[in-house]
Amino acid sequence: MKIKVMKFGGTSVAKPEARMTSAMRVISAKEQGYSPVVVVSAIGRKGAPYATDTLLNLLREIDPNVEPDPRELDMMIACGEIMSAVIFAHTLKTLGHPAQAFRGGQAGIRTDGVYGNARIVGINPISLLRSIEQDKIPVVCGFQGVFVLNEGDPGGELTTLGRGGSDTTGAAIGAALQADAVEIYTDVDGVKTADPDAVKEAPTLRKVTYDEVAEIAHLGAKVVHPRAAEIAMNYGIPLWVKSTFTDDEGTEIVTRETFPGRRVTGVTHTGKLVYLQFDLIHAAEGDRAMLESRIYETMAKYGISLFMLNLSPSSTGFAVPRSQYPIVEGVLDGLVIPLSGEEKRVYLVQIGSKPSRVVETQASLLSSLGEVCRIPTLLTEGCTMVSLVGHEYMQQPGVFLDVLSTLVGGQVTVLQTSDSDYSLSCLVPEADTNRAVKLLHDRFKLAEVS
Amino acid sequence: MLINGSAETEFEKRRGVSRVEVRHGFAQVHISRIPNDVMTERLRILDLVAKAGISIDFLKLTPSGMSFLIPEPTAHQMDLVLEPCGDHFTVREERSIVLVYAVNIRDEEGLIAGMVHTAIANGIRVDHIGDMHDRMLMVVKKSEAEKLATLIKDTLTVPEVVS
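So this is what it looks like as structure tokens:
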């Protein structure tokens, strides 16, 4: 039995014509002798009637001040994939190919108990195999599974897998079924050297390693999710990214043993960041560690994602997603940090050059206690992280010089940098995003990469 | 193989820290008090370093300069390269990188902040930080690297979640 798992993203199942094109790809695989197993995302992207965001809003609109329970949120957003799977299965049936829709739990996907960001702990694919044996095409809801607390409990709790969940479902089912291939279908030809919105001529990479694709996704490109890449890599399942709408051969994700990689793989960007730089130069030297500790403790407590961390003896800084900035502002602006010591100093965090009402109120209340030391915090809104991804190049002398001089020479302000074994990132003003991506793409001749 | 395959398979690594590794052999360079046109001066210094054939990591921009990491054996060379910068630079040897592996680290909200907090709250000065899709890299003094590795293993390896 040659099994091929074919995962279709939101745009591939959004409209009847797109679903028909996707269905014909499944039928074509069957005619080539494969037993196809389909995984589908919810119908359409943000704003579409049955897209995940739309379903979430149905709950949130009831009263924006009352956050829905995570359990109920999961049940609600899982509806998008259920509808999509049923419609896709019926589309196949109308084309003369019997198919069966499966919820994540019915497909045997078991997860841990974290609503909204569950991880797959195991898959029992028996129901999918029975379906294949009966010459049916299983169509599985992506992005969901069930959590069973105690063996024998009825049903199990529905959970969703978080970001990239449908890719993860596709790769995990491929691993469970020991598939010949997992194909991720989307609306682009494969993994590109840059976002085509920024660089129209960005070519499609024919091969890319699991590590590279995971890093590209980590740094903002909307390709295969790192979780899916890791599962496919660990189980040795060939993974492809292809377009539903063209006959381009797509991108094959391979191991480093079979493909040594290239000097520079691509340029990515992840937008909508806010950068905060806490000035500790006026804090007593012995207090700085405690102040930093309190700031990071607060960020951890509120589950804030940090980018571009920067620690120096006189300051500390990081970028946060704009979507999380209201939480950050709410907990840090006006934060009072009393330090016990002989002098009993009190510190007050002030975000931005002008004190907010909260800061003014806190300062007024604290004035009777003696000196209040401000921690001025420089706020830079509207930032983007632009990253050069590659493995071979990052260890060479001069790479930072190349990247910085290219951006500075192109009149792009670089606010901060960050790097790892696979990438070099620069924080730049959001308005310069496309220009920064294009400058780096041209400098490293990525249009010539294949 | 398959049809009777009711056996379940472990798929994803558990959330949280899965492994901690320490790499030794680095030195940290700080350049400060650049008076004017800081970015031009940074580029000039990076050019000198590149021409000397020295590979750098963990470049961070500071308001009046920058800092970065170099392989420890090249530390003595750096003194010569940066001599034209006057006395506004320091090279601190005996630095190590603590690599903390946690799959899909960016989606585990608060985990990165939690690691930094763990280090600082325990008196460990973190000089630099970087991250990848599956790991975080923290530069600390060699003498504190093993302590930090143990602390993170002990405090941030998250047990299986049960609702």
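Those protein sequences? They're chains X and H, same order as listed. Residue numbers for the first sequence follow my numbering, so the first one is 1 and each next one is one higher. Residue numbers for the second sequence follow my numbering, so the first one is 1001 and each next one is one higher. Glycine included, each C-beta is placed from N, C-alpha and C at the ideal position.
key: chain X contact residues for glycine 1016 of chain H, given Cβ-Cβ distances below 7 Å   = As a first step, residue 1016 of chain H must be located in the second sequence, where it is residue number 16. In chain order: nothing, as chain X lies at least about 10 Å away.
query = Looking at chain X, which residues of the stretch 1110 to 1124 of chain H have a Cβ within less than 8 Å of any of its Cβ atoms?
reply = Listed by position, the residues of the stretch 1110 to 1124 of chain H near chain X (Cβ gap below 8 Å) are Gly1110, Leu1111, Ile1112, Ala1113, Gly1114, Val1116, His1117, Ile1120, Ala1121, Gly1123.
request  = Reducing DSSP to helix, strand and coil, say where asparagine 1122 of chain H ends up.
outcome  = Taking the second sequence and counting its residues from 1, the one referred to as residue 1122 of chain H is at position 122. Looking at asparagine 1122 of chain H - three-state DSSP - the assignment turns out to be coil, as it is neither helix nor strand.
ask   = Quick one: is glycine 286 of chain X buried, meaning 16 or more other Cβ sit within 10 Å of its Cβ, or exposed?
value = As a working note, residue 286 of chain X is residue 286 in the first sequence. It counts as exposed.
inquiry  = Can you tell me whether asparagine 1104 of chain H is buried or exposed? The criterion is at least 16 other CB atoms within 10 Å of its CB, across all chains shown.
reply    = Counting from 1 along the second sequence, the entry for residue 1104 of chain H is found at position 104. Classified as buried, asparagine 1104 of chain H has 16 or more neighbouring CB atoms from the shown chains inside 10 Å of its CB.
query = Of the residues X:Leu335, X:Gln144, X:Ile216, X:Ile126, which one's Cα is nearest the Cα of threonine 298 of chain X?
reply = On the first sequence, position 298 is the one that residue 298 of chain X refers to. The option with the nearest alpha carbon to threonine 298 of chain X is X:Leu335.
ask   = Taking 7 Å as the line, does the beta carbon of glutamate 392 of chain X fall inside it for any heavy atom of the ligand COA?
value = Inclusion of the ligand COA in the displayed structure is not the case, the ligand content being empty and no account of it being possible.
query = Does any C-beta atom of chain H lie closer than 8 Å to the C-beta of threonine 417 of chain X?
reply = Here residue 417 of chain X corresponds to residue number 417 of the first sequence, with the count starting at 1. It does: the Cβ of threonine 417 of chain X has a partner Cβ on chain H nearer than 8 Å.
Tyrosine 34 of chain X, DSSP secondary structure in three states = Position 34 of the first sequence holds residue 34 of chain X. Note: tyrosine 34 of chain X maps to coil in three-state DSSP.
request  = Kindly list, in the order they appear in chain X, the residues whose Cβ is closer than 7 Å to that of isoleucine 1056 of chain H.
outcome  = Here residue 1056 of chain H refers to the residue found at position 56 when the second sequence is read from its first residue. Per Cβ cutoff of 7 Å: Phe400.
query = From which residue to which residue does the alpha helix (DSSP H) around glycine 409 of chain X run?
reply = Here residue 409 of chain X corresponds to residue number 409 of the first sequence, with the count starting at 1. Judged by DSSP secondary structure, glycine 409 of chain X falls within the alpha helix (DSSP H) whose first and last residues are 399 to 409.
request  = Could you confirm whether any beta carbon from chain H is found closer than 8 Å to the beta carbon of serine 353 of chain X?
outcome  = Here residue 353 of chain X refers to the residue found at position 353 when the first sequence is read from its first residue. With 8 Å as the cut-off, serine 353 of chain X does not count as an interface residue toward chain H.
task = Give the secondary structure of arginine 1106 of chain H by DSSP, where H, G and I count as helix, E and B as strand, and everything else as coil.
result = In the second sequence, counting from the first residue as 1, residue 1106 of chain H sits at position 106. Helix at arginine 1106 of chain H.
ask   = Whose CA, out of X:Ala289, X:Thr384, X:Thr244, X:Arg256, lies closest to the CA of serine 22 of chain X?
value = Against the first sequence, residue 22 of chain X aligns to sequence position 22. When each option's Cα is compared against that of serine 22 of chain X, the closest is X:Thr244.
request  = Taking only the alpha-carbon atoms, compute the straight-line gap between threonine 168 of chain X and valine 37 of chain X and give it to the nearest angstrom.
outcome  = Looking up residue 168 of chain X in the first sequence gives position 168. Looking up residue 37 of chain X in the first sequence gives position 37. If I take the Cα positions, the gap works out to 14 Å.
request  = For the beta strand (DSSP E) holding proline 1071 of chain H, just list the boundary residues, first then last.
outcome  = Translated into the one-based positions of the second sequence, residue 1071 of chain H becomes position 71. Annotation: the continuous beta strand (DSSP E) that includes proline 1071 of chain H extends over 1065 to 1071.
query = Should threonine 1090 of chain H go down as buried or exposed, given a rule of 16 or more other Cβ atoms within 10 Å for buried?
reply = On the second sequence, position 90 is the one that residue 1090 of chain H refers to. Residue environment analysis places threonine 1090 of chain H among the exposed positions, since fewer than 16 neighbouring C-beta atoms fall within 10 angstroms of its C-beta.
key: Residue-level contact to chain H via CB, tyrosine 296 of chain X, 8 Å cutoff   = On the first sequence, position 296 is the one that residue 296 of chain X refers to. True, the Cβ-Cβ gap to chain H drops below 8 Å.
query = Quick one: is leucine 1156 of chain H near chain X, going by C-beta distance under 8 Å?
reply = Within the second sequence, residue 1156 of chain H is the residue found at index 156, counting from 1. Judged by the 8 Å Cβ criterion, leucine 1156 of chain H is not in contact with chain X.
Cβ-based burial, asparagine 310 of chain X [other Cβ within 10 Å; buried from 16] = By 1-based counting over the first sequence, the position of residue 310 of chain X is 310. The residue is buried, with at least 16 neighbouring Cβ atoms inside 10 Å.
task = Look at the alpha carbon of isoleucine 1120 of chain H and the alpha carbon of alanine 289 of chain X, and state the distance between them as a whole number of angstroms.
result = In the second sequence, residue 1120 of chain H corresponds to position 120, counting from 1. In the first sequence, residue 289 of chain X corresponds to position 289, counting from 1. Between isoleucine 1120 of chain H and alanine 289 of chain X, the C-alpha separation is close to 6 Å.
message = Checking 8 Å against the spacing of the C-beta atoms, do leucine 239 of chain X and valine 182 of chain X come in under that value?
response = Within the first sequence, residue 239 of chain X is the residue found at index 239, counting from 1. Within the first sequence, residue 182 of chain X is the residue found at index 182, counting from 1. Cβ atoms of leucine 239 of chain X and valine 182 of chain X: closer than 8 Å.
request  = Measure the CB-CB distance between leucine 129 of chain X and serine 425 of chain X and report whether it falls below 8 Å.
outcome  = Here residue 129 of chain X refers to the residue found at position 129 when the first sequence is read from its first residue. Here residue 425 of chain X refers to the residue found at position 425 when the first sequence is read from its first residue. The Cβ atoms of leucine 129 of chain X and serine 425 of chain X do not sit closer than 8 Å to each other.
message = Going by the DSSP bridge assignment, what does threonine 270 of chain X pair with across the sheet?
response = Position 270 of the first sequence, counting from 1, holds the residue named residue 270 of chain X. By DSSP's assignment, threonine 270 of chain X forms a beta bridge with X:Met385.
ask   = What number of angstroms, rounded off, separates the C-alpha of phenylalanine 8 of chain X from the C-alpha of alanine 42 of chain X?
value = Walking along the first sequence from the start, residue 8 of chain X turns up at place 8. Walking along the first sequence from the start, residue 42 of chain X turns up at place 42. Looking at the two C-alpha atoms, the distance is approximately 9 Å.
task = May I ask which residues mark the beginning and end of the alpha helix (DSSP H) holding asparagine 150 of chain X?
result = Locating residue 150 of chain X in the first sequence gives position 150, where the first residue counts as 1. Counting along the chain, asparagine 150 of chain X falls outside any alpha helix (DSSP H), and DSSP gives it neither H nor E.
request  = Use the C-beta contact count for methionine 1138 of chain H: other C-beta atoms within 10 angstroms, 16 or more gives buried, fewer gives exposed.
outcome  = In the second sequence, residue 1138 of chain H corresponds to position 138, counting from 1. Buried: at least 16 other Cβ atoms inside 10 Å.
key: Contact residues within the stretch 44 to 76 of chain X, judged by C-beta distance below 9 Å to chain H   = Listed in sequence order: Arg71.
query = Assuming valine 1029 of chain H and valine 1098 of chain H make a contact with CB atoms under 8 Å, what is their CB distance in whole Å?
reply = Here residue 1029 of chain H refers to the residue found at position 29 when the second sequence is read from its first residue. Here residue 1098 of chain H refers to the residue found at position 98 when the second sequence is read from its first residue. The Cβ separation is near 19 Å, so there is no contact.
request  = Could you check the C-alpha separation between arginine 263 of chain X and tyrosine 393 of chain X for me, to the nearest Å?
outcome  = Walking along the first sequence from the start, residue 263 of chain X turns up at place 263. Walking along the first sequence from the start, residue 393 of chain X turns up at place 393. Rounded to the nearest angstrom, the two C-alpha atoms are 5 Å apart.
ask   = In the DSSP assignment, what are the bridge partners of lysine 222 of chain X?
value = For this step, residue 222 of chain X is matched to residue 222 along the first sequence. The partner list for lysine 222 of chain X (beta bridge, DSSP) is empty, contrary to what the question assumes.
query = Would you say proline 326 of chain X faces chain H, with C-beta separation under 8 Å as the test?
reply = Working through the first sequence from its first residue, we reach residue 326 of chain X at position 326. With 8 Å as the cut-off, proline 326 of chain X does not count as an interface residue toward chain H.
query = Does asparagine 1104 of chain H get closer than 8 Å to chain X when you measure Cβ to Cβ?
reply = Residue 1104 of chain H sits at position 104 when you count from the first residue of the second sequence. It does; some Cβ of chain X falls within 8 Å.
ask   = So leucine 276 of chain X packs on isoleucine 351 of chain X, CB below 8 Å; how close in whole Å?
value = The sequence position of residue 276 of chain X within the first sequence is 276, counting from 1. The sequence position of residue 351 of chain X within the first sequence is 351, counting from 1. About 7 Å separates the CB atoms of leucine 276 of chain X and isoleucine 351 of chain X; that is less than 8 Å, so the two are in contact.
message = Against chain X, does alanine 1149 of chain H count as a neighbour if the rule is that its beta carbon must be under 8 Å from one of theirs?
response = To locate residue 1149 of chain H, count along the second sequence from 1; it is residue 149. Alanine 1149 of chain H is outside the set of residues whose beta carbon lies under 8 Å from a beta carbon in chain X.
key: Contacts that alanine 1050 of chain H makes with chain X (C-beta to C-beta distance below 7 Å)   = Here the question's residue 1050 of chain H lines up with position 50 in the second sequence. Listed by position along chain X, the residues whose Cβ is nearer than 7 Å to that of alanine 1050 of chain H are Pro397, Gly398, Leu401.
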